[in-house]
Each structure stands twice: as C-alpha cells, then as structure tokens.
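FYI, the UniProt record's numbering numbers position 275 of the first sequence as 275, with every residue one higher than the one before it. Here's the structure we're looking at; comments come further down.
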Amino acid sequence: MEAFQLLSRGGARFDKQRFKSDVQLFNKGKISGGPSQTAEKMAEGDLPPELDFFKYVKGGTVKRKAENGSKQEEGDGNLAKRRKLDGDKGEDTGSEEEDVMVPAPPRHRVSTKGSNVPNHVDSFQELKDRYGLSSHLQTNLTKNGYTHPTGIQSYGIPILLESRDLAAISPTGTGKTLAYVLPILQSLGAPSSSSKSNAGSGVRALILAPTRELAHQIHNECLRMAEGRKWRIVLFSKATAATLADKNARDKVDIVISTPLRLVTSLQAGNLALNNVRHLVLDEADRMLDAEFLSQIQEVVAACSHPQLRKAVFSATLPAGAEKIAMEMLQDPIRVVVGLKDTPLPLIAQSLTYVSDEASKLPTLLTYFSQPYNPPVLVFVSSQPRASSLAEELVLNNIPNVDCLHAGMTKKEREDAVSRMRKGESWIMVSTEVMARGMDFKGVREVINFDFPTTVQSYIHRIGRTGRAGREGKAVTFFTNEDAPFLKTIANVLLQSGSPVADWILKLPKPSKMKRKAMGKVKRGDFVNEARRIGRGDAIKKR
DNA sequence: AAAAAAC
C-alpha cells in the first residue's frame with residue numbers, strides 16, 4: 001500500500017521538462033528496429049555489436065589464463081538458424097522488422113576444460129552414429145523444430161552421454177534444457193513401470209530448478225521430448241508428492257522435476273527415496289548454490305546415494321564462489337563455457353535510462369508505454385508489493401493488458417499469469433526476480449528494469465528473457481541517483497556485450513568508492529552534480 | 001550487499 005502511494009505521488013510530481021533531456025540523451029542508443037540498429041550504433045563511433053563482440057571473444061582484450069587441459073574451439077553456436085521473427089504478436093508494432101532477415105549472430109566460442117573431454121558433435125545425426133540416439137528421440141527433435149545442436153548442445157550432450165559430470169555455462173536462451181534432457185532420456189531405457197526395466201526401482205533422474213514456473217517449463221520440455229514413450233515424468237508439487245507417498249506409485253516414476261524445498265520436505269517426511277537416482281541436474285546452478293538453497297541442495301545430493309550418480313550443473317552465469325562449490329560437488333568434471341562467462345548475448349540491444357529518483361520512474365514508464373513498443377514487455381521490480389502496485393498503477397493509467405507475477409500470489413494465479421503470457425494475452429508483465437531466470441517466452445522482445453538489478457547475474461538473467469533462440473531483443477534499465485554505486489558495474493556489462501554506454505557513466509569513480517560515498521553522509525544530489533560536472537547533458541555547458 | 005524464492 002505504501003509503495004502504491006509512493007508511485008501515485010510520483011505521478012503528480014513528475015516534471016517533464018526537467019527530465020526530458022536526460023531521457024532523450026540516454027535513449028540515444030535505443031534500437032528502432034532491425035537494420036537501422038547497426039547504423040545507429042555506428043554513429044556512436046563504435047563497432048557494430050557483432051563485430052565488437054567477435055573481437056572480444058577472439059581474445060583481443062580479454063586476459064585468459066592458459067590452463068592445463070584447457071582447450072578452445074569455435075563452436076558453431078548455432079543460434080544461427082535464422083528465420084523470420086515469429087511476429088504473431090504485437091499487431092501495433094507495424095514495421096518492416098518482421099520481414100527482414102537479421103544478420104547471422106556471432107558464432108560463440110566454446111571452451112572446455114577437464115580430462116578426456118569427448119569430442120563435440122556437429123549434428124544430431126552424429127549423436128545417432130556415435131551414441132545410438134534412439135529413433136523416437138530423433139523424431140521428437142524434428143517434431144519440435146530442433147534441426148541443429150546449439151553450442152552447449154553439441155558439446156554438452158556427448159559429455160553427458162559418456163556419463164561424465166558437467167558444469168555448463170552458456171548464455172540465456174541457447175538451449176540448455178535440451179542439452180540435459182536429451183541425454184537423460186537416451187540413457188533411461190525401459191520405463192520403470194515396465195517389467196523389462198532392470199534399473200532398480202524408483203526415480204532415476206532428478207532435475208532441480210529454483211522456481212515453480214521454471215520447473216513447470218522444464219517438465220513440459222521433457223514431456224515433448226519423451227512423447228511416444230511410457231516414462232513417468234513427474235513435476236513435483238504438493239499434489240504429486242502426496243500421490244508418491246505410496247511406494248508402489250513412487251517406484252514407477254522415472255524422472256522428477258522439482259524445486260528444492262518441495263523435494264526436501266518430502267525427503268524429510270520419508271515420502272521419497274532418491275537412492276536410485278543416476279542423473280542429477282541443477283538448473284540455474286548459481287542460484288541453486290547460493291546461501292538459502294545450498295543446505296537444501298546438499299541434503300538432496302546426500303540422499304542421492306546411487307554409486308553411478310552423475311551430476312551436472314547448468315547456468316548462464318556462474319560467479320567464482322558458486323563455481324567453486326559446484327566443482328567440489330562434481331566428480332572429475334568437465335567445464336564447458338559457451339561465449340564469455342557473465343556476458344549477455346550481443347543480440348540484446350541494451351540501454352540505460354536516467355530517471356533521477358524513485359518518484360520519476362513511473363512517469364518515465366508511462367511515457368515509454370505511450371510510445372510504440374513491442375509487446376509483450378517484461379518489467380522487473382525489486383519486491384512483491386512493488387510488482388502489484390506498479391501493475392495496478394499501469395492499469396489505472398489505462399495501459400492495456402497489464403499482468404503481474406510474483407511468488408506471493410497463489411499457485412493458480414501464477415499459473416494463469418504465465419499462461420496468459422504464453423498465449424500473448426499479456427502485453428505487459430510486471431514481475432519480481434521469480435521470472436528472471438530460465439523462463440522462455442519466445443515472444444518477449446523488450447525487458448524493462450524498472451528497479452535496478454542488484455547484481456550482474458540478476459541483470460544478465462533478467463535481460464536474457466529477451467533475445468532468445470537467436471531473436472533480437474531490447475533491454476532498458478532505469479537508474480536513479482541511488483543506484484549510482486552499482487551503475488558502473490552494469491555499464492561494463494553493456495559495453496562488453498556491444499551496447500553503447502554514455503561516456504560519463506564510464507568515467508564514474510570505481511564502484512567501491514561510490515559505495516562508500518553512498519553509505520556516508522553524502523546527499524543524493526551530489527551525484528547529479530558530479531555527473532553534470534563530468535559532462536553528462538547540457539548542464540556542463542554552463543561551466 | 002540484499003531481496004526473493006522455495007514450503
């Protein structure tokens with residue numbers, strides 16, 4: 001309620017004149033569709049993002065430790081299957097963009113590290129030749145439109161098929177789910193329910209994800225790929241957990257997909273045994289290994305007592321701390337990195353928009369939505385109440401088809417919101433970090449960070465909801481004076497992935513210095529003044 | 001560094 005009032009007040013206090021120049025200035029790098037994007041960025045004096053990124057991944061500016069057993073190759077990346085954008089949504093976007101073939105994205109460099117790394121494959125056919133990929137899986141691949149393996153698929157799948165532990169780092173929207181689902185299905189053999197199965201009784205594969213929505217999405221992907229076979233693939237929930245309390249039912253299950261706490265609850269109640277699990281996958285691994293989830297994960301890992309247990313972790317980001325924990329958990333692991341670690345796809349045109357203060361955010365957003373945009377748009381905020389109140393505020397301002405999603409909503413409300421999104425009924429989805437990871441909405445072409453993300457990882461995952469499977473995307477991030485301490489860090493991410501950043505932001509002092517300043521007695525206005533002094537906007541001309 | 005998410 002408080003947040004609601006705050007936002008409303010903000011509306012009344014908005015001074016268009018005062019902020020107009022800032023907003024225009026920092027929107028300069030925004031895309032206006034397909035081909036013109038490159039031109040605009042060229043005008044800023046930079047290389048086009050593709051080239052810039054390419055140069056970077058070629059190792060030009062990056063310092064890389066030469067380590068033993070490490071090799072780097074050009075992966076085909078294979079987002080390369082370019083096609084027209086789906087463009088079945090957003091009838092008011094009306095531009096030639098829909099009909100234009102965008103240039104092929106950069107091929108991602110793939111680097112692997114570990115002992116006896118299996119060769120990658122260049123096609124799904126090769127998986128059949130080398131590993132006898134079952135014909136029904138091949139059929140389902142074709143049926144679901146998978147024609148060529150992406151980078152992570154062509155490297156990761158052979159590794160998993162050869163029963164090795166794997167740590168996979170690959171950008172958002174590059175097909176990580178299939179990379180672990182396919183090997184699991186291939187190795188299952190006969191369903192547990194069948195008399196032919198001699199693989200012991202009980203769950204043989206376990207996939208963990210941080211949110212219900214993501215678990216649900218993974219479940220769907222499994223079902224699609226398993227079509228035609230009788231495996232029991234269970235999305236763990238209160239309801240399914242109850243049915244599995246019966247050991248006979250439980251023994252017939254082949255794959256379980258769950259969130260950690262749900263699983264631990266059943267484990268502790270003695271309603272679930274994991275001693276037959278051969279494949280354990282942690283999706284969004286860094287999220288799963290951070291403080292709140294870690295003990296739950298450890299409990300699950302401990303319960304997976306089968307000697308043939310193989311583990312794999314997947315994520316788009318893996319900070320050093322999480323990577324260390326992951327590597328210690330794995331046995332003789334192979335590490336695969338596609339592209340540059342902690343760098344978003346260059347396909348996403350990113351920009352930073354200065355909004356002065358909290359109160360100016362809403363008006364800026366309303367202005368944004370009063371101009372043409374490509375629905376559906378995902379808007380991220382920092383808390384549940386802010387999500388509800390912002391959604392409410394947009395509705396009050398007659399913005400059509402606004403939706404909201406956060407973990408404070410009931411299971412059904414959440415499911416409905418996701419399904420509206422999937423059906424294209426939501427034009428604007430206001431959400432918390434729940435939606436930041438893993439969710440694959442192919443239509444999303446714009447992400448707005450209404451509240452500034454608190455970590456680079458959060459930023460990368462949030463904007464990774466767009467630009468998926470080789471499509472273009474756009475990401476706008478609002479920042480206020482209060483966000484100054486973290487601004488430069490995020491700005492470097494933009495820069496690294498080929499999006500233009502205003503000079504003055506790059507000239508900001510080191511984040512640590514800014515942070516100390518922000519924590520001290522320094523008035524917020526100081527940042528603005530300093531920014532002006534350094535050369536942002538018209539103000540400098542007065543000097 | 002801190003919130004959100006998991007039940």
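Virtual Cβ for every residue (Gly too), placed ideally from N, Cα, C.
- Here Asn449 is near Thr477, since their CB atoms are less than 9 Å apart.
- In this structure, Ser154 and Lys252 do not form a Cβ contact; the two beta carbons are roughly 34 Å apart against a cut-off of 8 Å.
- Arg335 has Lys113 and Ala167 as its beta-bridge partners, per DSSP.
- Straight across, the Cα-Cα distance linking Ile218 with Val338 is about 21 Å.
- The closest CA to that of Ala190, considering only Pro158, Ala179, Ala226 and Ala215, is found on Ala226.
- Closest option to Lys311, judged by alpha-carbon separation, among Asn119, Leu366, Ile159 and Leu487: Ile159.
- Under the three-state reduction of DSSP, Asn248 is assigned to helix.
- Per DSSP, the beta bridge partners of His279 are Ala205 and Arg310.
- If the five residues before and after Glu162 are omitted, its C-beta is found closer than 6 Å to the C-beta atoms of Pro118, all from its own chain and listed in chain order.
- DSSP, reduced to helix, strand and coil, places Thr454 outside both helices and strands of the structure shown, so it counts as coil.
- In this structure, the CA atom of Glu415 is about 11 Å from the CA atom of Cys404.
- Counting along the chain, Val301 sits inside the alpha helix (DSSP H) bounded by residues Ala291 to Ala303.
- For Leu178 and Ala359, the gap between their C-alpha atoms comes out near 43 Å.
- DSSP, reduced to helix, strand and coil, places Phe479 within a strand of the structure shown.
- Judged by DSSP secondary structure, Met327 falls outside any beta strand (DSSP E) and instead within the alpha helix (DSSP H) spanning Ala320 to Met329.
- When only Cα atoms are considered, Leu282 and Ala322 end up about 12 Å apart.
- A residue is called buried when at least 16 other Cβ atoms come within 10 angstroms of its Cβ; Thr364 meets this threshold and is buried.
- Checking the DSSP bridge columns, you'll see Asp254 has no partner listed.
- Put simply, of Gly132, Val203 and Leu127 the residue whose alpha carbon is nearest the alpha carbon of Pro149 is Leu127.
- Remark: three or more beta-carbon pairs, one from each stretch, lie closer than 8 Å, so the segment 298-313 and the segment 267-285 are flagged as touching.
- Ser426 is positioned such that its CB atom lies closer than 9 Å to that of Asn401.
- Taking the C-beta atoms as reference points, Leu235 is found nearer than 9 Å to Ser258.
- Cβ-Cβ distances below 8 Å link Val381 to Ala387, Leu390, Val430, Ser431, Thr432, Phe450 and Asp451 in the same chain, with the five nearest sequence neighbours on each side left out; the list follows chain order.
- Excluding residues up to 5 positions away in sequence, Glu446 lie with their Cβ nearer than 7 Å to the Cβ of Tyr373 in the same chain.
- A Cβ-Cβ distance of about 17 Å is found for the pair Ala291 and Val313, leaving them out of contact under the 8 Å criterion.
- Under the three-state reduction of DSSP, Leu185 is assigned to helix.
- Here Pro183 is not near Ile152, since their CB atoms are 9 Å or more apart.
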